[in-house]
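Contents: one structure, followed by commentary.
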Amino acid sequence: MDFSPDLHLLYQRFLTAQVTVYAYKRRIDDLYRRLLNHLQNENAEAASSTIAELSMIISCLRREIHREQQEVSDIIQSILNNNRSLDAPD
Numbered sequence: 001m002d003f004s005p006d007l008h009l010l011y012q013r014f015l016t017a018q019v020t021v022y023a024y025k026r027r028i029d030d031l032y033r034r035l036l037n038h039l040q041n042e043n044a045e046a047a048s049s050t051i052a053e054l055s056m057i058i059s060c061l062r063r064e065i066h067r068e069q070q071e072v073s074d075i076i077q078s079i080l081n082n083n084r085s086l087d088a089p090d
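Per the UniProt record's numbering, the very first residue in the sequence shown carries number 1; after that it's consecutive.
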């Protein structure tokens, strides 16, 4: 049984997700530091703007995670279906 194309695709999806999560983490860390700075300086307007940006990023991240989960699920289902068809008697 050769799963290599599907497994390679699955591996690529995991790598893509890892890079995406890293990029979001860096952005969120940066915004969090900025928010703390605004709060220390009692700059409510800037803090509010940063909170809005953080909320938007969290929403985007949720959508991205859901999309990645669906794609990985589809790939795994394809692997399982291919395995079943190879195991089926002729």
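C-beta: ideal position from N, C-alpha, C; glycine also. Everything numeric in this text was worked out from a predicted model, so none of it was measured.
Going by C-alpha to C-alpha distance, which of Ile65, Ile76 and Glu71 sits closest to Tyr22? As a working mapping, residue 22 is identified with position 22 in the sequence shown. Ranking Ile65, Ile76 and Glu71 by CA distance to the CA of Tyr22 puts Ile65 first.
Out of Ile28, Gln12, Ile79 and Val72, point me to the one whose CA is closest to Ala52's CA. Against the sequence shown, residue 52 aligns to sequence position 52. Taking only the C-alpha atoms, the option nearest Ala52 is Ile28.
Using the beta-carbon count (16 or more within 10 Å), is Thr50 buried or exposed? Your numbering for residue 50 matches position 50 in the sequence shown. Flag for Thr50 reads buried.
What first and last residue would you give for the alpha helix (DSSP H) that runs through Asn37? Here the question's residue 37 lines up with position 37 in the sequence shown. For Asn37, the enclosing alpha helix (DSSP H) covers residues Ser4 to Gln40.
Once DSSP output is grouped into helix, strand and coil, what is the label at Asn43? Translated into positions along the sequence shown, residue 43 becomes position 43. In this structure, DSSP gives Asn43 a state outside helix and strand, which the three-state scheme calls coil.
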